[in-house]
Amino acid sequence: MRARLTSPQALEKLRAELTARRDPKKPALSVCAGTGCVAYGALKLADAVREEVRKRGLEDRLEVRINGCHGFCERGPLVLCHPHGFFYQRVQPSDVGEILEQSTLGGKPIERLQYVDPVTGARAVRQEDVGFYKHQMRVLLEYNGWIDPTSIEDYIAVGGYAALAKALSTMKPEEVLDAIYRSGLRGRGGGGFPAGVKWKECRHAPAPDGVRYIIANGDEGDPGAFMDRSLMEGNPHLVIEGMILGAYAIAHPGHPVGYIYVRNEYPLAVERLGLALQTARELGLLGEQILGTDFSFDIQINRGGGAFVCGESTALMASIEGFVGEPRAKHIHTAVQGLYNKPTNLNNVETWANVPLILARGVDWFTSIGTGDVSRDPWGGSKGTKIFALVGKVNNTGLVEVPMGKTLREIIFDIGGGIRDGKQFKAVQTGGPSGGCLPASHLDMPVDFDRLTEAGSMMGSGGMIVMDDSTCMVDVARYFLHFLADESCGKCVTCREGLKHLCRIVDRICAGQGREGDLELLDEISLTVEKASLCALGQTAPNPLRSTMRYFQDEYVAHIRDRKCPAKVCKALITFGINDKCTGCMVCARNCPTGAITGERKKLHVIDQQKCIKCGVCQEVCKFDAVDVA
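Spelled out as structure tokens, the structure:
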């Protein structure tokens with residue numbers, strides 16, 4: 012049981028003690044234990060490190076740290092060797108002895124475990140040498156590769172809860188609120204609404220009993236997105252401190268009540284958040300009379316059931332109340348009447364994580380990062396950094412943090428390392444399943460809230476899916492329309508029926524049954540869904556369709572008029588055939604699931620088009636490039 016801190020000064024005294032105890036030159040091994048690396052076997056690797064350290068009697072000379080997500084998920088498990096800074100990827104338990112002997116104790120790098128740039132062939136000795144990291148600005152993720160997310164002492168030692176101590180000892184709630192307002196911090200959950208504007212509305216909303224709710228939205232349902240999950244797993248106290256500061260600014264004096272709404276599919280995030288809340292209470296940083304002041308606030312975790320629509324504010328609040336997660340019309344803002352009809356401030360996890368940094372480092376520091384001018388208008392720019400989940404057909408996939416205003420080209424080619432297998436860039440979808448697909452002509456566009464919206468896409472929570480020239484954009488639109496139709500709660504007709512109708516038309520086009528007038532019909536229906544739907548799910552659901560129709564109309568025309576899929580993806584519009592490179596090895600015939608391929612050994616084979624199901628197995632197994640797709 013930890014001793015309770017009874018004043019901001021006691022917290023600073025503890026920080027000084029913790030810092031004095033930590034020797035920055037002491038050898039240490041940091042093992043990434045985010046969900047991605049855990050899936051690669053990071054926990055077994057960490058056990059192997061501990062066992063090897065024990066065997067060698069190095070417990071006093073070497074520190075073993077288990078961290079949150081380092082970001083470079085594709086290359087896991089990842090290991091950092093301190094103080095030399097050696098960066099190793101795809102490390103296995105069998106490598107541990109060599110790492111301890113040669114790197115941690117010997118100070119020499121191990122070449123075979125180093126990252127090799129797929130384009131230049133250059134080896135990276137340290138993390139900052141890797142293009143993936145070199146071109147980022149890691150502010151929120153700064154300590155993900157350093158601190159143990161299960162240790163509140165680690166967080167305090169690197170400056171954690173200093174912003175809270177500063178606010179409670181030197182600032183009034185209105186001053187904290189004003190700092191967030193002047194910073195121009197905009198919500199990172201998708202809408203980009205200025206946090207300070209929402210906070211002010213919530214603080215000034217009538218609350219006769221003094222109860223105001225403070226909620227963190229961790230219901231991250233976008234396919235391929237894991238920004239909030241990595242923050243909750245890797246630095247949960249940063250999110251918690253942000254919520255405490257928000258509660259102080261919005262509801263003190265009063266009775267603020269906090270919730271963190273987390274997807275039930277994020278068990279590691281739930282576990283680490285629960286431990287962080289428990290240890291914060293033990294130290295007096297959460298609960299009654301925080302740091303010995305008259306300010307009290309506590310947080311509980313609410314697990315979501317996995318419904319995508321519960322990322323919407325009113326649906327999320329209905330879920331917390333125990334009802335079906337359906338949105339309601341916002342005739343009155345949730346900041347005025349939200350959870351249990353009380354004033355409620357909802358921000359997503361990444362938004363809350365920015366708050367302690369703004370207060371600790373200053374408004375001027377925050378506004379020096381990003382685009383636009385927020386000195387007069389909180390809508391006047393996009394300030395700070397943004398975390399993206401960079402996935403798809405890029406060489407380097409993972410978690411990326413960049414300043415607002417970084418171009419798509421810089422993110423995809425400098426950080427992402429370019430397109431895999433020497434193929435050409437075709438499009439990038441930003442903003443998750445409701446985002447738009449942008450073509451190569453937009454690669455030099457700065458990424459911020461306003462520019463993405465102007466281009467027909469959106470920031471969203473931060474998903475970024477890269478596509479190469481083998482991608483069919485009609486098929487992409489079809490996929491996301493089906494996802495959103497499945498996730499629609501069905502409450503309003505335009506979303507429920509409109510999305511189904513859009514799916515039927517696009518399905519027909521991909522099946523080679525497109526008709527003249529389909530494009531005009533898709534445009535008309537999608538506009539109706541966008542304008543008449545109740546919540547943001549329906550209002551933004553047509554974005555993938557409308558953006559692909561805008562930038563890749565020629566592909567729709569090819570599907571409808573020519574009955575061709577230029578990318579050779581849509582099965583109904585392609586034909587597999589065997590050319591004269593065939594050696595008659597019979598590998599394709601043996602692997603064909605329907606027996607559609609016939610021919611004698613060492614003679615040209617043929618495909619029976621009536622039996623062919625266009626699975627592509629024949630092309631995959633052929634070693635002689637003898638299978639064509641037309």
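Sequential numbering from 12 applies to the sequence shown in the numbering used here.
Glycine included, each C-beta is placed from N, C-alpha and C at the ideal position.
Cα-Cα separation between residue i and residue j, rounded to whole angstroms
i: Pro278; j: Met243; result: 11 Å
i: Val632; j: Asn590; result: 15 Å
i: Arg67; j: Ser18; result: 43 Å
i: Lys511; j: Gly525; result: 17 Å
i: Gly395; j: Ala258; result: 22 Å
i: Lys145; j: Leu545; result: 43 Å
i: Gly416; j: Phe460; result: 9 Å
i: Asp529; j: Ile516; result: 7 Å
i: Gly52; j: Pro88; result: 7 Å
i: Asn155; j: Ala583; result: 47 Å
i: Phe399; j: Ala236; result: 8 Å
i: Gly333; j: Ser162; result: 33 Å
i: Arg33; j: Ala496; result: 53 Å
i: Pro457; j: Glu611; result: 58 Å
i: Gly627; j: Ala522; result: 17 Å
i: Glu85; j: Gly471; result: 23 Å
Exposure label - residue i; buried when at least 16 CB within 10 Å
i: Val130; result: exposed
i: Gly96; result: exposed
i: Gln564; result: exposed
i: Asp619; result: exposed
i: Asn275; result: exposed
i: Ala260; result: buried
i: Arg557; result: buried
i: Lys592; result: exposed
i: Pro35; result: exposed
i: Ser105; result: exposed
i: Asn228; result: buried
Nonlocal neighbours in the same chain, by C-beta distance under 8 Å from residue i, ignoring five residues either side
i: Val580; result: Ser481, Thr482, Cys483, Asp486
i: Arg26; result: Ile167, Ala168, Gly170, Ala173
i: Ile608; result: Ile589, Cys599, Ala600, His616, Val617, Ile618, Asp619, Cys629
i: Gly336; result: Gly315, Gly316, Ala318, Val320, Cys321, Ala326, Leu327, Ala329, Ser330, Cys500
i: Ala371; result: Gly170, Ala173, Ala174, Lys177
i: Val75; result: Ala39, Leu40, Val42, Ala57, Val60, Arg61, Val64
i: Gly428; result: Asp128, Pro129, Val130, Gly142, Phe143, Val405, Asn406, Asn407
Reference residue i; option with closest CA among the options
i: Gly403; options: Ala438, Ile163, Lys211, Met469; result: Ala438
i: Val617; options: Ser558, Leu419, Ala637, Gly96; result: Ala637
i: Gly45; options: Lys37, Ser452, Glu63, Phe83; result: Phe83
i: Lys37; options: Gln103, Arg72, Ser324, Gly528; result: Arg72
i: Phe377; options: Leu179, Tyr567, Ile191, Ala583; result: Ile191
i: Glu23; options: Arg292, Tyr562, Ala57, Leu179; result: Leu179
i: Thr181; options: Thr362, His81, Thr304, Gln147; result: Thr304
i: Met475; options: Met148, Val413, Thr441; result: Thr441
i: Val268; options: Phe306, His248, Thr290, Ser241; result: Phe306
i: His248; options: Thr345, Thr594, Ser386, Asp159; result: Asp159
Cut-off 7 Å between Cβ atoms - residues of its own chain near residue i, not counting five sequence neighbours on either side
i: Ser114; result: Cys92, His95, Phe97, Pro120, Ile121
i: Ile312; result: Ile271, Val273, Val281, Leu284, Gly285
i: Glu541; result: Gln550, Pro553
i: Lys353; result: Ala218, Val222, Arg223, Tyr224
C-beta atoms of residue i and residue j nearer than 9 Å
i: Lys625; j: Ile585; result: yes
i: Asp233; j: Gly443; result: yes
i: Cys321; j: Asp230; result: yes
i: Ser393; j: Gly383; result: yes
i: Ile167; j: Leu302; result: no
i: Met328; j: Leu296; result: no
i: Leu188; j: Arg214; result: yes
i: Ser499; j: Ala543; result: no
i: Gly433; j: Ser468; result: no
i: Leu152; j: Gly245; result: yes
i: Ile571; j: Ile520; result: yes
i: Gly265; j: Ala218; result: yes
i: Leu368; j: Val208; result: no
i: Pro389; j: Gly195; result: yes
i: Ile380; j: Leu401; result: no
i: Leu9; j: Pro338; result: The first residue shown for the chain is 12 and the last is 641, placing residue 9 beyond what the model contains.
Neighbourhood of residue i by C-beta distance below 6 Å, restricted to the same chain and skipping five residues each side
i: Phe494; result: Pro444
i: Arg15; result: Gly295
i: Ile430; result: Lys404, Phe436, Asp479
i: Arg199; result: Asn359, Glu361, Thr362
i: Leu454; result: Leu419, Arg420
i: Thr605; result: Lys622, Ile624
i: Ser452; result: none
Any non-hydrogen atom of the ligand NAP closer than 8 Å to residue i Cβ
i: Val517; result: The ligand NAP is not among the ligands present in this structure, which contains no ligands whatsoever.
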